[in-house]
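Below is one structure, written out as structure tokens; the observations come after it.
Right, here's the structure in full:
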């Protein structure tokens, strides 16, 4: 009996650790966004920036845009930044926005959407996600060539290759985290790879850290997972039957709100993450 009593006390004290993460829908925007691929949360600007591909994956048409919507999904400017081709992953650093665009990384003035610089990545054909390290190094994934590139002082070079469908990127300390074909992989400062989690749906896309140790992973096909630091994978959302995509997600770390671009549905959906 004493052992059972002790176990009950331990479970009560650690109950929070056993709680199941959950996503609860808050709102869905109107169908005002043209093939939204990535969302960035801008707390200072009280807005969301959304890369819009305009149903164009790889052609250089200059029809791609970045839209600005408020934190309730209402439009601020549907053409906040223009003359892009097929903008995908985005990154907000101080007053600058960086976005991948087929074979370029485009630097944009975060105050007004003006394009400042285009950095060509030689050999790239489908640049997708983007991340920045604490030393200022920028990393971009090329899903179709299986490569990760790094950009330093506006010059791109190969970081690693041989991956299958690499997409989502995240820099933490000196480590680079990569989503590739349903796997979460960590590269250390010596570029040694460790597989942290497996078994996710193959179209792994967005990668965010939610509480200084655990991750949310979105899959383009319509699935979102919670992944612990130990590699345990829990499915939180599956909207594949509704044919709703869940592409490159944004996150309000303070309020724990997840912003999900729905690609062909032309919407963004907001979810509350609870534990």
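Numbering (this note's numbering), first residue to last: 63 to 337.
Glycine is no exception: its CB is placed at the ideal position from the N, C-alpha and C atoms.
This one's a predicted model, so the numbers in the text were calculated from it and none came from an experiment.
Spatial neighbours of residue i in its chain, beta-carbon cut-off 6 Å, leaving aside the 5 residues before and after
| i | result |
| --- | --- |
| residue 314 | 103 |
| residue 80 | Bear in mind that a pLDDT of 49 at residue 80, under 50, signals an unreliable position, so the model cannot answer this. |
Under the three-state DSSP convention, the category residue i falls into
| i | result |
| --- | --- |
| residue 277 | strand |
| residue 325 | helix |
| residue 260 | coil |
| residue 213 | strand |
| residue 265 | coil |
| residue 291 | coil |
| residue 237 | strand |
| residue 207 | coil |
| residue 250 | coil |
Beta-ladder partner(s) of residue i, from DSSP
| i | result |
| --- | --- |
| residue 166 | 163, 182 |
| residue 331 | 90, 322 |
| residue 286 | 280, 299 |
| residue 155 | 158 |
| residue 312 | 321 |
| residue 194 | 200 |
| residue 242 | 228, 245 |
| residue 306 | Paired residues: none, contrary to the question. |
| residue 336 | 84 |
| residue 222 | 210 |
Inter-stretch contact (C-beta, 8 Å, three-pair minimum) for the segment 169 to 180 and the segment 217 to 225: no
What are the complete beta strand (DSSP E) segments, minimum 3 residues, inside the segment 81 to 156? 84 to 90, 98 to 104, 109 to 114, 126 to 131, 137 to 146, 149 to 155
Do the segment 187 to 206 and the segment 169 to 176 make contact, defined as three or more Cβ pairs closer than 8 Å? no
Decide yes or no for the touch test of the segment 150 to 165 against the segment 107 to 125: beta carbon pairs closer than 8 Å, at least 3 of them. Contact between the segment 150 to 165 and the segment 107 to 125 is present, because at least three Cβ pairs lie under 8 Å.
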